[in-house]
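Enquirer: Using this note's numbering, read the sequence shown as starting at 55 and increasing by one per residue. Backbone N, C-alpha and C define an ideal beta-carbon position, used for all residues, glycine too.
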Amino acid sequence: MIDLKKIKEDTDASIVVLADKTGNIVDSVGTEYESNVALMLEAAFTMCNDLSKDLLNGDLDQLMAKCSQGYFIANKINPDSIILIVTNDLSKLGLLLKYMSALNN
Numbered sequence: 055m056i057d058l059k060k061i062k063e064d065t066d067a068s069i070v071v072l073a074d075k076t077g078n079i080v081d082s083v084g085t086e087y088e089s090n091v092a093l094m095l096e097a098a099f100t101m102c103n104d105l106s107k108d109l110l111n112g113d114l115d116q117l118m119a120k121c122s123q124g125y126f127i128a129n130k131i132n133p134d135s136i137i138l139i140v141t142n143d144l145s146k147l148g149l150l151l152k153y154m155s156a157l158n159n
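Okay, here's the thing in C-alpha cells:
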C-alpha cells in the first residue's frame, strides 16, 4: 500500500488522494471532501484520457494543472488506481514528478 502520509510529508503537498478507476476513495490525507475529490479526479482523468485517444496520443498516464495559487498532478499508478497530489509550492514540482514516476515502478 502506498504511504500517503509519507508522500505528503516528503513533498509538502497539501492534499494527497488515492482513488480507484471508478472514483471511489481508497485513501486520502489533507482533505475532508475526499469522496468529492476522488469522483472529480476520476471524471477529469477519464475525459482527458478520451481526448488523448481522440488526438491519437494513446492512453493518458498523467494529468497536470497549474492554478493561480498552486498546481495538482494526477497519475495513473496501475490500471485500477489514480493518485492526486495538490500543492501550493511550485518549487516542489520536480520532486513530485519524481515521486509520481517512482510510484509507477
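#1: For a minimum of 3 consecutive residues, which ranges assigned as the beta strand (DSSP E) are wholly contained in the segment 72-103?
#2: If you reduce the DSSP assignment to three classes, tell me which class residue 117 lands in.
#3: Whose C-alpha, out of 122, 129, 125, 124, is nearest the C-alpha of residue 116?
#4: Would you identify the three-state DSSP class for residue 137, choosing helix, strand or coil?
#5: Check the DSSP bridge columns for residue 152 and list the partner residues they point to.
Expert: Checking against the coordinates, here is how it stands:
#1: 79-83
#2: Taking the sequence shown and counting its residues from 1, the one referred to as residue 117 is at position 63. Strand at residue 117.
#3: Here the question's residue 116 lines up with position 62 in the sequence shown. For the residues 122, 129, 125, 124, the minimum Cα distance to residue 116 belongs to 129.
#4: Stepping through the sequence shown from its first residue, residue 137 is reached at position 83. Residue state, collapsed to three classes: strand.
#5: Within the sequence shown, residue 152 is the residue found at index 98, counting from 1. None; residue 152 has no bridge partner.
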